[in-house]
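>
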Amino acid sequence: MVSEYETELKKYNTPNLIVRLVLRAYTQKICTILREIAPRKMLDAGCGPGFLMKEVSACTNAEIYGIDVLESSVKHAKKLCPKAKVFLSSLYSLPFKANYFDTVLCSEVLEHLDEPEKALSELKRVSGRYCIVCVPYEPFFSIANLLRLQYLKSLGSYPGHIHRWGKKSFRQLLSGYFSEVKIKKSSVWLIGVCKK
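Quick note, the sequence shown lines up with residues 110 to 305 if you use the working numbering.
#1: Grab the span of the alpha helix (DSSP H) containing SER295 for me, first residue to last.
#2: Whole angstroms are fine: how far does the CA of ALA134 sit from the CA of LEU179?
#3: Decide if the stretch 136-152 is in contact with the stretch 238-253; the criterion is three or more beta carbon pairs, one per stretch, under 8 Å apart.
#4: What is the rounded straight-line gap between the Cα of LEU264 and the Cα of PRO204?
#5: Work out the CA separation of THR169 and TYR267 for me, nearest whole Å.
#6: Roughly how many angstroms lie between the CA atoms of GLU289 and ALA171, to the nearest whole one?
#7: If you follow the beta strand (DSSP E) that CYS240 is in, where does it begin and where does it stop?
#8: Is the separation between the beta-carbon of LYS276 and that of ILE292 shorter than 8 Å?
#9: Note down, one range per segment and in chain order, each alpha helix (DSSP H) of at least 4 residues found wholly within the stretch 214-238.
#10: Distance check for LEU282 and GLU226, CA to CA, integer angstroms please.
#11: My guess is that GLU217 and VAL195 are in contact by the Cβ rule of under 8 Å, so how many angstroms apart are they, rounded?
#12: Please work out which residues of its chain come closer than 7 Å, Cβ to Cβ, to SER295, disregarding the five sequence neighbours upstream and downstream, and give them in chain order.
#13: Would TYR174 be called buried (16 or more neighbouring beta carbons within 10 Å of its own) or exposed?
#14: Within the same chain, show all residues whose beta-carbon is closer than 6 Å to that of ASP153, passing over the 5 residues directly before and after it, in chain order.
#15: Does the Cβ of SER284 have 16 or more other Cβ atoms within 10 Å, making it buried, or fewer, making it exposed?
#16: If you measure from the CB of TYR267, is any heavy atom of the ligand PLP nearer than 7 Å?
#17: Give me whichever residues DSSP pairs with ILE176 in a beta bridge.
#18: Nearest to LYS206 by CA position, among ALA186, LYS233 and LEU222, is which residue?
#19: Roughly how many whole angstroms lie between the Cα atoms of GLU224 and LYS150?
#20: Between the beta-carbon of HIS345 and the beta-carbon of GLY269, is there less than 8 Å?
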C-alpha cells in the first residue's frame with residue numbers, strides 16, 4: 110500500500126497539467142487569503158512533505174512553523190523549507206502555548222482524522238487570531254476523481270478520507286469552535302477562514 114507521504118509527493122509532482130493547474134489555483138487562493146490577514150507567526154498544522162508550506166513562505170513574511178505525524182514528511186518539509194521550524198507532532202496535542210501563533214493553517218488534514226473535533230480544539234487553542242482550515246469539497250472532490258478515473262472502487266472517494274463535508278456541514282463544524290466563519294471555494298476544496 111502507498112503511504113500518505115508517497116501520495117502527497119505523487120500529487121504535487123504529477124505530470125497531469127489539469128491537476129497541476131487546479132492545485133496551483135488552490136495554493137494561490139490560500140496565498141491571497143494570507144496576504145489579506147498578514148500573519149507574523151504561522152503554523153502549518155499537518156504540513157505533510159511541505160509543498161503548501163513552501164508556497165506559503167513565498168507569499169508571506171510570516172515566521173513559519175510546521176508539524177506532521179509522519180517522520181518522512183517532516184524530513185522532506187525541512188529540506189523543502191529550510192527556514193521553517195518543522196516538528197514531529199500530532200494535531201491532538203500540539204507542543205505550543207495557547208495563542209502562540211496569530212494564524213494556523215490546516216490543509217487537507219481533518220478528513221483523515223478519527224477525531225476532527227479534538228484537532229479543531231487544539232488548532233483554536235494555539236491560534237491567537239485566525240485559523241484557515243481546508244478540506245475536500247464533497248461530492249465534487251469525489252466526482253473529479255471519478256472523471257480522472259481515480260479510486261473507482263470507492264466511487265471517487267480517496268481511501269484515507271473518513272469524513273466528507275459539503276459547504277453547509279463544514280460551516281456547521283467550524284462554527285462550533287470559532288466566532289466568525291467565512292467559507293471560500295477553490296474548485297474541489299472548501300477553505301474555512303475562521304476568527305477566534
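Even for Gly, the Cβ is constructed at its ideal location relative to N, Cα and C.
Computed from a predicted model, the values in this text were never measured in an experiment.
According to the data block:
#1: Taken as a continuous stretch (DSSP letters only), SER295 belongs to no alpha helix (DSSP H), being part of the beta strand (DSSP E) at 289-295.
#2: 26 Å
#3: yes
#4: 38 Å
#5: 31 Å
#6: 23 Å
#7: 236-245
#8: yes
#9: 225-235
#10: 8 Å
#11: With 8 Å as the limit, GLU217 and VAL195 do not qualify as a contact, their Cβ atoms being about 17 Å apart.
#12: Cβ neighbours of SER295 within its own chain (closer than 7 Å, five residues either side excluded): ALA134, TYR135 and LYS138.
#13: buried
#14: Cβ neighbours of ASP153 beyond the five flanking positions: MET162, GLY175 and LEU214.
#15: exposed
#16: This structure lacks the ligand PLP; in fact it carries no ligand of any kind.
#17: ALA154 and PHE196
#18: LYS233
#19: Distance between the alpha carbons of GLU224 and LYS150 is about 26 Å.
#20: Residue 345 lies beyond the stretch modelled for the chain, which goes from 110 to 305, so this question has no answer here.
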